[in-house]
Amino acid sequence: MNLKEQVELLLSQQKHPEIIKKNLDDQKFTHDVLLSLGVRPDSEFYELYTKYFLGSLIGSYSELVDPCSPDSFDGAIMAHEYWDIPKNYILFTTGEGEGGYFYNTEDNSVWDCGLGEQHLLGTDQLRHWSSFYKFMVWYLTPDES
Numbered sequence: 331m332n333l334k335e336q337v338e339l340l341l342s343q344q345k346h347p348e349i350i351k352k353n354l355d356d357q358k359f360t361h362d363v364l365l366s367l368g369v370r371p372d373s374e375f376y377e378l379y380t381k382y383f384l385g386s387l388i389g390s391y392s393e394l395v396d397p398c399s400p401d402s403f404d405g406a407i408m409a410h411e412y413w414d415i416p417k418n419y420i421l422f423t424t425g426e427g428e429g430g431y432f433y434n435t436e437d438n439s440v441w442d443c444g445l446g447e448q449h450l451l452g453t454d455q456l457r458h459w460s461s462f463y464k465f466m467v468w469y470l471t472p473d474e475s
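Numbering (our numbering), first residue to last: 331 to 475.
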């Protein structure tokens, strides 16, 4: 099973999978917002966020948000303006814990970055995943401990 199939399987095991699928109007809106944020239409991030409301997922870690909703879009902009996060990184968690998960639009990677660690983005000094699908498999897999 490839990573995309693993993510789809894990998504189907969510308590309310029918709630997290987007209708065509929401998909179009998401398409427009993601393009404005520099997300490539052939990326894993684009593919999942245009299909699902990932903010409704139940995970064991920081709460994911949909960067395309008005409040979350403001959060992505806030990270750029106030935290000096480079434009190619999109915050897709609440940021309330003084940091969060950032998607890199240039290489499809995901970074776990706290405030004060911005200068470490893109280095091996921060926890990161080489693809959005790898991150999602980790995020959606129940913690066994």
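Where is the CB? At the ideal position from N, CA and C, for every residue including glycine.
Pick from Asp454, Pro371, Ala409, Glu447: whose alpha carbon is nearest that of Thr435? Residue mapping note: residue 435 aligns to position 105 of the sequence shown, counting from 1. Residue Pro371 is the option with its Cα nearest to Thr435.
Is DSSP giving Trp459 helix, strand or coil here? Translated into positions along the sequence shown, residue 459 becomes position 129. In this structure, DSSP gives Trp459 an extended state, which the three-state scheme calls strand.
Taking the alpha-carbon positions, what's the Ser461 to Phe383 distance? As a first step, residue 461 must be located in the sequence shown, where it is residue number 131. As a first step, residue 383 must be located in the sequence shown, where it is residue number 53. The alpha-carbon atoms of Ser461 and Phe383 are separated by roughly 19 Å.
Which value, in whole angstroms, describes the spacing of the CA atoms of Gln336 and Trp413? Locating residue 336 in the sequence shown gives position 6, counting from the first residue. Locating residue 413 in the sequence shown gives position 83, counting from the first residue. Approximately 34 Å between the Cα atoms of the pair.
Thinking C-alpha only, which one of Val440, Gln343, Leu456 is nearest Glu447? What you label residue 447 is simply residue 117 of the sequence shown in a count that begins at 1. That would be Leu456, whose Cα lies nearest to the Cα of Glu447.
Among Asp356, Lys381, Leu445, Leu394, whose alpha-carbon lies nearest the alpha-carbon of Tyr469? Indexing the sequence shown from 1 puts residue 469 at position 139. Closest option to Tyr469, Cα to Cα, is Leu394.
Would Lys381 and Lys417 be called neighbours here (beta carbons separated by less than 8 Å)? Your numbering for residue 381 matches position 51 in the sequence shown. Your numbering for residue 417 matches position 87 in the sequence shown. Contact: no.
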